[in-house]
């Protein structure tokens, strides 16, 4: 009986710690996803996501739409489309961003392709090398769930950027946030422990 009680108590403690940690992560995500993006940024880095053949997923399309809206309202902003070609993708994520932006009326001369990256770290690292030399202010465009980690990675790499949040489609909320909690945990471990 004593052992059973001990196991229940230990399990309960872990559950409470887990809930506190998840609440902390959700607070950080919310903090970053509710900020207003400043106008007239010199550049946008649009982070890629999954492409089904040549069609962006709902999550990805949301990022592209947010970038297109901003680009129409801020005509001098340069767009860096970031993302390589993964399995099941007929084109690179960068090419998908470009095609969709052009469809929405954005002049392709404003779009720079970064089509080698395979994750958020590489998105930022490779895109950083394509930022125009005279550019000062930049924005990272991604979904609300991803913004905190993406901006943290960018700032760790010396970029002084802010976020342009794209809505997370309801269909993708549970899967996206669960995966992001794990990704942020990995990010913390790499940053503070390893």
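In this note's numbering, the protein residues as written are 16 to 209.
Glycine included, each C-beta is placed from N, C-alpha and C at the ideal position.
Residue range of the unbroken beta strand (DSSP E) whose run includes residue i
i, result
"residue 97", "93-97"
Identity of the residues DSSP links to residue i by a beta bridge
i, result
"residue 158", "181"
"residue 128", "96"
"residue 71", "66"
"residue 120", "Residue 120 pairs with nothing; no bridge assigned."
"residue 110", "DSSP output for residue 110 lists no bridge partner at all."
"residue 176", "153"
"residue 137", "Bridge partners of residue 137: none, in fact."
"residue 195", "According to DSSP, residue 195 bridges with nothing at all."
"residue 104", "68"
Segment limits, alpha helix (DSSP H) that includes residue i
i, result
"residue 61", "Run containing residue 61: none in the alpha helix (DSSP H); it sits in the beta strand (DSSP E), 58-62."
"residue 208", "Element bounds for residue 208: n/a, residue is neither H nor E."
"residue 18", "17-48"
Supposed contact pair residue j and residue i - C-beta distance, whole angstroms, cut 8 Å
i, j, result
"residue 160", "residue 192", "5 Å"
"residue 60", "residue 155", "5 Å"
"residue 172", "residue 139", "5 Å"
Alpha-carbon to alpha-carbon, residue j and residue i
i, j, result
"residue 35", "residue 41", "10 Å"
"residue 84", "residue 125", "14 Å"
"residue 76", "residue 186", "13 Å"
"residue 39", "residue 188", "18 Å"
"residue 109", "residue 18", "56 Å"
"residue 112", "residue 65", "11 Å"
"residue 71", "residue 20", "51 Å"
"residue 142", "residue 200", "24 Å"
I want to know whether the region 151-169 touches the region 32-51 - three or more CB-CB distances under 8 Å. yes
Touching or not, the region 116-124 and the region 148-156, by the rule of three or more beta carbon pairs under 8 Å? These segments do not touch.
Practice prompt. Taking 8 Å as the threshold, find out whether the region 76-87 comes into contact with the region 178-187 through three or more Cβ pairs.
Written response: Judged by Cβ distances under 8 Å, the region 76-87 makes contact with the region 178-187, as three or more pairs qualify.
ask   = Are the region 50-70 and the region 83-98 touching by the rule of at least three beta carbon pairs closer than 8 Å?
value = Cβ pair count under 8 Å is three or more, so yes.
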